[in-house]
Structure formats: structure tokens, C-alpha cells
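A.B. asks: Protein chains in written order, with my numbering: chain A, 12 to 106; chain B, 15 to 126; chain C, -14 to 302; chain D, 143 to 642. For each residue, glycine too, the CB sits at the ideal point set by N, CA and C. I have a structure I would like to understand better, so I am pasting it below and will then ask my questions one at a time.
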Amino acid sequence: MISALDLFSIAAIGAGAFFFVAGTIGLLRFPDSLTRLHALAKADNLGLGLVALGLIPRAENGLGALKLILIWALVVASGGSTAQLIGRALRRGRK
Amino acid sequence: MTPSTLAGLVGAALVGLGLYGLVLHPHPLRKLLAFNLIGSGVFLVFGIVARRGAAAGFSFDPVPQAMVITGIVVAFAASALAVALILRLYSESGRVTLDPDAWTRPGSEDAK
Amino acid sequence: MSVLPFIDVGLAFLVVTVACSTIITRDLFAAVVSYVAYGLLLAFVWIRLHAPDVALTEAAVGGGVTGVLLITAGKRLAAIKKAAPEAHPTTTLKLLTGALAALLACALAAAILMLPDVPPSLAPEAAAAASGPGAGLGNPITAVLISYRSFDTMLEKVVLILAVVGVWSVGADKAWGNPPAPLGRPGPYPAMVFLAQVLVPIGALIGIHVFWVGADAPGGAFQGGALLAAMWMVAMMARLGEPPRIDARWLRLALIAGPAVFLIIGLAGISIAGSFFAYPPGFAKPIILFIETFMVLSIAVALPMLVAGPPSEGNRP
Amino acid sequence: MTADIATTTPGGFLLVLAVLLPVGGIILSFATGGRHAGQITLGLTPFGSAVACAIAFRVGQSGKPVFYAIGGLPPPLGIALRADGISAVMLVATAAILTAAAFYAREKFAARDVRESRSALTFWILLQAIWAALTIIFVGSDLFNLYVALELLTFAAVPLVCIDGRPETLAAALRYLLFALFGSISYLLGVALFYGAYGTLDIPLLAQRVQPTPVVWTAAALITGGLLAKTALFPLHLWLPPAHANAPAAASAVLSGLVVKGSFFLTLRLWFYVLPALPTGQVAAALGGLGSAAVIVGGVLALRQARLKLLIAYSTVSQIGYLFLIFPLAAGAHAWSTIGWSAGLMQVLAHAFAKAAMFLSAGVLAEAVGHDQIAKLVGAARVLPLTFLTIALGGLSLMGLPPSGGFSAKWLMLQASVASGQWIWSLPILTGGLLAAGYMYRILTPALSDGEISMESAPRRYQETIAFVLVMIALALGFAPQAFFDFIEIGRPLAGEDPS
């Protein structure tokens, strides 16, 4: 029978997957690049956070869990600032 | 259809794609991209050979993987030299073309 | 029916599609961007092939550093709008080349499928030799790179030095000695500066960790060096650091540190361990780590110098 | 496992020393900066030549290849270096031509003022790199190690082509780099298939395990294709003329004389050392056919060139075609295959020395007269007697007139083709000689006719004598004793000796 932790992992990773799909749909459907950028940046960071959260109980030891959190933090930092840079370039381009 | 044979077919496809791009694209940077594609295809072939050579407690054969690591760094050095030549050619002449008689057209000193 | 093949098939399909887009797209810059995406996807294929070391190298060097190199070149070259439209190949040439390329790909695929069923492998010898001079190394790839095939690795460092000399030689005569052109914009975006301030220390730490753990786990001098090189490039892009003058004494010594130390220890191996590049049994691990420290230094300095390009006559006299 | 478990034979360390001298020179010159790079290179050349001669003496004395397993690890896992007869001969030739090129360029790339100059540092480091790469190619015995040596050679040769920075030299260097990279990546793919099929990359071990399976044929085709691109054989020769004509004189002498021979040497290693067990009839005929086409096309194109350096470069394309006639003429273990083998090696050496001498004298001419337009060289021979004597004697060897090395090579080729019943190969040999006579005549007629020519600067005596010494070596090769041909046979499989 699925233990509580496994249930939690499935739920978290499922939610993460949902946000990734939402981000991708946003990328495809939104009219211009700024809104697409917005959709991608928000959805993917959140999606990755949830997936990382879901994987933490499955990590073999504390160090593995810490590494997962570090990965998530790095992706949020680089994803966020890259989105900001692209947004600035887009806005400067349109002016 | 084990993952390694699948990767082998991907490697073969990449080599074919890269060759197609290398021959067709006149722009040297596009040729360089195609060359890097061929390179990664060749390294994938090394990767399958390593994966198939799993024995004696290792899940891979370390020798071809060591060769791939050396190969990737050498391929990068080659791309860096090619990019330096392309950019210099562009800044020197404003044009990026490979055919040698582009320079012997009127306007260069040894035009015949 | 485990889900595994779906991942592999999906990954293979994705890699080939992105590679096709690199070749097919008209626009140069779009091709370069899709090549960078392709380089990072390839790292996943290496994970599926049980090659974490190679995946690290592919992601760091193949995807990352080559990506920066090609994107900066693509950005400058994409500006050529006025150039005469390049002679686009005729459709017959396209079909012919396509047929030739497809033929080669099929021949190669057939050759791969016909590789012998009981695959010959040097893994057993590598494991057996692990009890020999290359003793004490958990990571067989580092043992192969630094101990069994050390001649290749030392030569490959010399190749890096030659590439740096080649890239520098492309510069102008009067610019010799100047630093290469700065990587980042004159007024760097605050977001870039923030990213550099956050990423560089952590990345440097991870790079040193990857190098240090490389003796026993996936990692090593190449991957650690590539990560440190990437961090220096991020700092240069955020204008936190400027590319050094190419005749700076420390730069020259750092570039030759790897091969020079490798050579000296190799020569010392003759008197101590009886053969060139032989390590005294029992002392292999400390010596290998000592050599790798200098190799990390050489790689971490050589890759950014290759990306920064030849000395520029722009700014300083 | 072969009986050859011993990790080294006496004198084995000489092989390592032969590689380490130039590599050490590169590291030292790069660290100490351009001002000393010239002195370091010139200082190293005598030692390098001494080591090459010592290796040749050791091989000749023991009558068996000299072997050295690096790190004390015998082949399948470790890398081995092996010098047999032809390696030793090529090492000595490389040492001679590189020393000549170094002393020829001593003044042009001298460190003038206190600051380090771009061209000086680049030239001297790349010259030593070419020496290191060629040494490894001649003594290497592991296919992946040879791949790294090929890359070293490419990285050393390409920047030399565009050292003076003009746009056409940059375009020529870029084309050369793209062809060379395609060549080495195709070579690497072949190496990957060989490792996948047999689990080792050591040449003698591979030679024992190879069977004519489709995988081996594909791998051999890929490796040969890659090496042909790097040797600029006929269909893939487009990059060579602009690259060799635009490089500085000393560099084009080394490029045409030696660098092109490096990848040809590996083709020899592949077909005669790795795959002797395979029925190579059709492949040898195909390579011979491509060679003949190269001889004729190269000769015709050389006839039509306006610039002297381009003419000499196209003559290289033609003479490379001769080299590939060795495959049909030296195949198998017949009586005539030894003659074919000696002919091929003699052609390699004679062309190396003659072509290096011609490029050096073309350099002296270009500096003295300011241009190298053949039509405008009227009466130049009276003003530059020694230079044109060297060019004429070099042409003698290219045409194959006695007493030059070129003559004995072509004569042995004719003998082998008649003895083996493949008389077809005598046609390209003779036509090639005629074409060579044609383009030599085109150079010498205006030069020897009387007329005034404006001189920009006086030629340097020492440069002319260096070129003259090289061409005298090319002529002296015509008198090579039988012992020289026996020396080349050492370590050649199917020559009644297992390729240990």
C-alpha cells in the first residue's frame, strides 16, 4: 500500500507537472513575447519547486535533499534574472 | 531496442544531419554548427561502445568515455579557433565568405 | 511495460528534432540558439548512457562554454544584413547531399547494429589495473585519464595552449599585449550583476567540489575546470572582472601550469617508478590529485581566454 | 596477448625524448614570452636532430622496431610508442627540414624590440608544435593517440597560414581548418567503430584481430576518407593551394614538405599495418586511381598558375598523387611489393626535400623582387643565380630526371608496375613527369631570358644556401644505397616478420 510519503511525492510531482504543462500552454497560446515570458518564468519555477519538494522524501540522505534544494534555488536565481534580462531586451527592442 | 542502440541510431542520425548541414550551408558559422553536430554524433557512438562494454563491476567501459571527454574539449578548442578566424575575417573585410576567388575579384591587388 | 523506453524514445526524438531545427532554420541566430538547447539536451542522453562524467563535461563545455562562444559570434555576424545573399544551394544539390547524408547515416547505423554481440571491453583490464599503479581511485575514468592514458591528456592540454596561441595570433599586431575585448555590455544590467554576485561564489564552490570528488565519484579535473571557467565568464559578462592582458605573467604561467606539472611528474616517474608517466604504487592518488589541481587551473584559465578572443586594439593603448 | 609483454626495448626512452623536446620547448617559449621563443627553438633543433638520428641508429642496429609502453602499461590499456624503419627515416627527414626552416626564418621572425611581437611568438611556438605532432604521428602506435596528434598538427598548421592577417589568408586558413576538422572527425568515427568491434586501438593488436567484416570496411573507409581530406588528395585538394601559397616561406616549406606527409603516413599505417589481413585489391586500385587523377589534375592546374607560390602548391597536389600509387604497387607479399614500398618511401622523402627547397627559394625570390608573378620574372636568374639553380634542381627531382631522388622513386615505381603486371600505373607516372617538365619550363624560361628586373632588396646569402643544401639532399637521395632500402623494410608486416 502506498505510504503517506509516497502519496505526498505523487501529489507534489503531479502538481509540478501540471504547472509545467500550464507554462508550456502559456508559451504557445499567449499573444506576444512579454506575456509568454511571464507565463514561462512563473510556471516553470513553481513547477520545479513542487517537483523538488516531491523528490525530497525520496532522496537517500540529508545531503541529497540539500542538493535538491540547492538545485531549485540556483534555477530560481538564474531563471529569474535571465527572464528579467530578456524582458529588458524585449522592451528596449520595442521602444 | 535497448537505450544504447537507440542512442546509436541517434548518433548516426546526427552524423548524417551534420554532414548535410556542413555541405549545404555557405556561411562558415553554420558549417561550424554542423561540424559540432557531427562531433557530438561521433561521441555518442563512443558512448554506446562504452555502455555495451559494461563488465567487471562497472556499468560502463571507462576507456571510451575518457576519450569522449578529451574529444569534447578538443572540439571546443577547434570551434574557438574557427570562431576567432570567422570574426577576424568579418572585421577585416566586412564579408564572411569561404571561396578564395572572392578576393581575386576586381579591387584586390593580384586580380588578373 | 516500464516507462523507461518512453523517456528514451522521447529524448531521442527531442534531440533529433532540435538538431534538425539547428540545420534547417534560415536565421543564423536562431540556429545558434537551438544548437545551445541541443547541447544541453545531449547531457540527458549521456545520463541515459550511464556516463555521468561525460554528461557533466557535455553540459559544461559542449552546451555552456561553446554556447557562449557561438552566441557572441552569432550576435555579431547576424548583423550582416547588407551582405549579398549567399548563394543558396539549388534544390538538386540539396537532394543530392540529403541522399548522401542519409546513405552515410544508414551505413553508420548498420555498422553500429552489427557490432559484435559479446562486446570486447577494457573494463576488466581497467579494474585489474586499478590494483596496480592507478590504485586507490574509485572513479575509473579519472584513472584512465590521468594514469593509463596520461599521454593523451597531457597532449590535449598542449592542444589547448596551441588553440589559445592560435586565437591570439589572429589579433592585430599593434594590439598585441592588450586584453581581449570585454565580454559584457559596457553598462551591465543590474539583473546580470545580481546573478553574477549570487552565482559565482556558489558555482566556484561547486566546481572545486566536483574536481575534488572526481577521484572517487563522477567529476574530475575537466568538469571542475569547466565549471570554474564558466563562473569566471559569468563574472566577466557582468563586468565584475575584466579579461587580463594577454602578456600578463600570471596568465601565461597559469595556462602552462597543467601540462608543465604533468610533464615534470611524468619525467620524475622514470627515476622513481621506472617508466615515463608511471606513478609509484601506493602514492598514485595523492600524485594524481596534485596533477589535477594544476590541470583545473589550466582549464579554468584557458576556456575563458578562448571565448574572449584575440587582443583588441579598442580601449587601452 | 602478444609475446611482447616487455614494456620497452633498449633505447625506448629516446622515443619519449623525441616527443618531449618540442613539447617542452612549446611550454618554455609560451611561458618566457616571444622574445626567447626564437632562441629556444633554434637551441632545441640540434638536440632534436640528434635524438632522431639516435633512434634511426638504434632501429638500424637492432633490426627490430623500438618499442616503449608509456607508464609501464603494455598496450591494450596503456599507450605504446613504436619506431620502425619508415618512422626513423621520417623522423630524421622532419628534423632536417624543420631545422632548415627554423634557421631560414631566424631573421624574419627575430624578436626585434624589447616587446614581444605577435608573429614571432606565434611562428616559433607553432613550428615546435608541428615538430611535436609529426614526431607523435611517426612513432605513435595507438589510434586515438594519433587522433590527438592529428588535432595538434591542425592547430599548429592553421594559424601559420594566416600569420600575416590579410583577408585572403584568413579565408584560406578557415577553409583549411574546416577541411582538417572534417577529416579528423571522420577519422575519429572510424576509430570509434574499431574500438567497438575489437576493444583495442593498438595497431599490432588490432592487426591480429581484424577480419574483413562490414564494420571493419566502414571504419576503414571513414578513416581513409578523413585522412584523404587532410592529405588533400585530388577531389579534396581545394584547401591546399591557397593555404600553402599564402603562408610565409618557411611555413609553406614545412606545410608542403612535411605536414601533408603526416596524414599520408597514417594512411600507410592503416592499410599496411592494421589491415594487411584484408583483401585490399579494389581499395588499392581506387586509391591508385585517385592518385593518378591527382597527378594529372595537379599538373595541369600548375601549368595555368600566374604566381610562383601557387604553381609550387599545385605541384604539391600533383606529387601527392604519386604517393598514393604505393597502395597498388606495394600490396601483398610479392617480390615486386618491396620495390613498390621502397619507391613510395623514396618519393615521400624526395618530394619533401625538393618541395621544401623550392618554397624556400620562392620566399627568397619574393622578398628580393617584391612579387612572385612568373611573367614578370624576366632575367631574374642572372640576378639570383643560386636561387634559380635550387629551383631548377628541385624541378629536376619533381620531373624524375636522374640523378635525383625523384628519379629513383619514379624508376622504382615503373619497375614495380611492370613487374606486377599493373602497367596501367606507368601512364600517370610518365604524364606526371611531362607535366612537371611543363611547369618547370614555364618558370625557367622567363627567368633565364635576358632582360632587366628591378630588385627591391638584396637576397640573403644564408637563406639561399639553406635552400641549396636541402635540394642537394634531394639529389643525394638518388644515390641511396641498398642498405637504405633494407632499413625501410624493418618492421613492415608481411615482410617475413610478424608486426611485433
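1) If we call anything under 9 angstroms between Cβ atoms a contact, is C/E277 one with C/A206?
2) Whose CA, out of C/A181, C/L80, C/I8, lies closest to the CA of A/T93?
3) Confirm, please, whether the CB-CB distance from A/I13 to A/I24 is below 9 angstroms.
4) Which residue marks the beginning of the alpha helix (DSSP H) containing C/R170, and which one marks its end?
5) Classify D/E249 as buried or exposed, calling it buried when 16 or more other Cβ atoms lie within 10 Å of its own Cβ.
6) From D/W359 to D/L420, what does the alpha carbon distance come to, in whole angstroms?
7) Return the residue from the list C/A90, C/R237, C/V17 that minimises the CA-CA distance to B/A27.
8) Under 9 angstroms between the Cβ atoms of D/P545 and D/P346?
9) Do D/S457 and D/Y581 count as a contact pair if the criterion is CB distance below 9 angstroms?
10) Unbroken alpha helix (DSSP H) runs of length 4 or more, entirely within the stretch 38 to 73 of chain B: which are they?
11) Taking the CB atoms as reference points, tell me whether D/T520 and D/S599 lie closer together than 9 angstroms.
12) Just checking: is the beta-carbon of C/S106 within a distance shorter than 9 angstroms of some beta-carbon in chain D?
13) Could you check where the beta strand (DSSP E) with D/R411 kicks off and where it finishes?
14) Using a threshold of 9 angstroms, state whether the C-beta atoms of D/A393 and D/A243 are closer than that.
15) Under the three-state reduction of DSSP, which class applies to D/A449: helix, strand or coil?
16) Assuming D/L380 and D/A389 form a contact by the criterion Cβ under 8 angstroms, report the distance between their Cβ atoms to the nearest whole angstrom.
17) Quick check on D/Q515: does DSSP put it in helix, strand or coil?
18) Can you tell me where the alpha helix (DSSP H) holding D/A244 begins and where it ends?
19) Any idea if C/P194 is buried or exposed, counting beta-carbon neighbours within 10 angstroms, 16 or more meaning buried?
20) Name the chain C residues whose beta carbon is nearer than 8 angstroms to that of D/L294?
21) Excluding the 5 residues preceding and the 5 following C/W161 in the sequence, name in chain order all residues of the same chain whose CB lies nearer than 7 angstroms to its CB.
22) With distance defined between alpha-carbon atoms, name the residue in C/G169, C/V150, C/A211, C/P203 nearest to C/L225.
23) What are the boundary residues of the beta strand (DSSP E) that D/V208 is part of?
24) Is it true that the CB of C/H35 sits closer than 9 angstroms to the CB of B/R109?
25) Does the Cβ-Cβ distance between D/F501 and D/G433 come in under 9 angstroms?
26) Give me the residue from C/G210, C/A95, C/I126, C/V246 with the minimum Cα distance to C/A108.
27) For the stretch 489 to 516 of chain D, which residues have a beta carbon sitting closer than 7 angstroms to at least one beta carbon of chain B?
28) Using the C-alpha atoms, what's the distance from B/N50 back to C/K67?
29) Could you give the distance in angstroms between the alpha-carbon of D/T607 and the alpha-carbon of D/A558?
30) Measuring CB atoms only, is the stretch 438 to 451 of chain D touching the stretch 326 to 340 of chain D, in the sense that at least three cross pairs come out at less than 8 angstroms?
31) Is the number of C-beta pairs between the stretch 21 to 34 of chain C and the stretch 18 to 33 of chain B that are closer than 8 angstroms three or more?
32) Helix or strand or just coil, what does DSSP make of D/D344?
33) By the 8 angstroms beta-carbon criterion, what residues does the stretch 156 to 179 of chain D contribute toward chain C?
34) For D/G282, list the residues DSSP reports as bridge partners.
35) Could you check what DSSP says for D/P418 in three-state terms: helix, strand or coil?
36) I'd like to confirm the pairing. Which residues does DSSP put opposite C/P296 in its beta bridges?
C.D. replies: Well, looking at it:
1) For C/E277 and C/A206, yes; Cβs fall inside 9 angstroms.
2) It is C/A181.
3) No, they are not a contact pair.
4) Bounds of any alpha helix (DSSP H) do not take in C/R170, whose DSSP letter is neither H nor E.
5) With fewer than 16 other Cβ atoms inside 10 Å of its own Cβ, D/E249 counts as exposed.
6) Rounded to whole angstroms, the gap between the alpha carbons of D/W359 and D/L420 is 9 angstroms.
7) Considering only alpha carbons, the answer is C/A90.
8) No; because the gap between Cβ atoms is not below 9 angstroms, this pair is not in contact.
9) Judged by beta-carbon spacing, D/S457 lies within the 9 angstroms limit of D/Y581, meaning their Cβ atoms are closer than that value.
10) Those alpha helix (DSSP H) runs which fall completely within the stretch 38 to 73 of chain B and span 4+ residues are 42 to 66.
11) It should be noted that the sequence gives Val, not Thr, for residue 520 of chain D. No, these two residues do not count as a Cβ contact at 9 angstroms.
12) Taking 9 angstroms as the threshold, the shortest C-beta distance from C/S106 to chain D falls below it.
13) First-last for D/R411: undefined, no H or E at that position.
14) Yes.
15) Note that residue 449 of chain D is Arg in the sequence shown here, rather than Ala. In the structure shown, D/R449 sits in a strand (DSSP, three-state: E or B).
16) Not a contact, Cβ separation roughly 16 angstroms.
17) DSSP places D/Q515 within a strand segment (E or B) once states are collapsed to three.
18) 227 to 246 is the extent of the alpha helix (DSSP H) around D/A244.
19) At residue 194 of chain C the sequence reads His, which differs from the Pro that was named. With fewer than 16 other CB atoms across the displayed protein chains lying within 10 angstroms of its CB, C/H194 is exposed.
20) Taking the beta carbon of D/L294 as reference, the chain C residues within 8 angstroms of it are L140, V143, V144, L147, listed in sequence order.
21) Scanning its chain for C-beta atoms nearer than 7 angstroms, with the 5 sequence neighbours on each side dropped, one finds around C/W161 the residues P296, in chain order.
22) The shortest C-alpha to C-alpha distance from C/L225 to any of C/G169, C/V150, C/A211, C/P203 is the one to C/G169.
23) Looking at the DSSP string, the run of the beta strand (DSSP E) that includes D/V208 is 208 to 211.
24) Not closer than 9 angstroms, so no.
25) A distance of 9 angstroms or more separates the beta carbons of D/F501 and D/G433.
26) In terms of CA proximity to C/A108, C/I126 leads the group C/G210, C/A95, C/I126, C/V246.
27) For the stretch 489 to 516 of chain D, there are no residues whose beta carbon sits under 7 angstroms from a beta carbon of chain B.
28) Bear in mind that a pLDDT of 46 at C/K67, under 50, signals an unreliable position, so the number given afterwards is only what the model happens to contain. C-alpha of C/K67 to C-alpha of B/N50: approximately 28 angstroms in a straight line.
29) If you take the alpha carbons of D/T607 and D/A558, they lie about 36 angstroms apart.
30) They do not touch, by the three-pair rule.
31) Yes, the stretch 21 to 34 of chain C is in contact with the stretch 18 to 33 of chain B.
32) Here D/D344 carries a strand assignment [DSSP, helix/strand/coil].
33) So the close ones are V158, L162, V165, G166, I168, I169, F172, A173, G175.
34) According to DSSP, which records beta bridges pairwise, D/G282 is partnered with D/L223.
35) Taken through DSSP and simplified to helix, strand or coil, D/P418 comes out as coil.
36) Residue pairing from DSSP places C/P296 in a beta bridge opposite C/P165.
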